[in-house]
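A.B. asks:
Laid out in structure tokens, this is it:
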């Protein structure tokens, strides 16, 4: 695999997996929605995915998130 995901990228992916929007994930993690988006973009690049749902799927497959 490529570079590992940061703890914060994983936190954001977990929130997305729970069905949160960027705004909701940001509220739960005390981050701005733009920051959440940035973490998701970075995670997608590392995972080689295009959408938030693909990213969650791939992260689950790799057992990075529950």
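Residue numbers (the numbering used here): 1 to 66. Beta carbons are placed, not taken as given, at the ideal position from N, Cα and C, and that holds for glycine.
Quick one: complete alpha helix (DSSP H) runs, 4+ long, within the region 7 to 37?
C.D. replies: Runs found: 7 to 17 and 22 to 29.
A.B. asks: Answer yes or no: do residue 43 and residue 17 have a C-beta to C-beta separation smaller than 9 Å?
C.D. replies: Stepping through the chain shown from its first residue, residue 43 is reached at position 43. Stepping through the chain shown from its first residue, residue 17 is reached at position 17. Contact: no.
A.B. asks: Let me check understanding here. Comparing Cα to Cα, which of 46, 41, 45 and 12 lies closest to residue 30?
C.D. replies: Counting from one through the chain shown, the residue named residue 30 turns up at place 30. Per the Cα distances, 12.
A.B. asks: Mapping the DSSP letters down to three states, classify residue 45 as helix, strand or coil.
C.D. replies: On the chain shown, position 45 is the one that residue 45 refers to. If DSSP states are grouped into helix, strand and coil, residue 45 belongs with the helices.
A.B. asks: Taking only the alpha-carbon atoms, compute the straight-line gap between residue 49 and residue 55 and give it to the nearest angstrom.
C.D. replies: Along the chain shown, one-based indexing puts residue 49 at 49. Along the chain shown, one-based indexing puts residue 55 at 55. Straight-line Cα distance between these residues: approximately 6 Å.
A.B. asks: So is residue 39 buried or exposed if we call it buried at 16+ other beta carbons inside 10 Å?
C.D. replies: Position 39 of the chain shown, counted from the start, is the residue given in the question as residue 39. Answer is buried; the Cβ neighbour count reaches 16.
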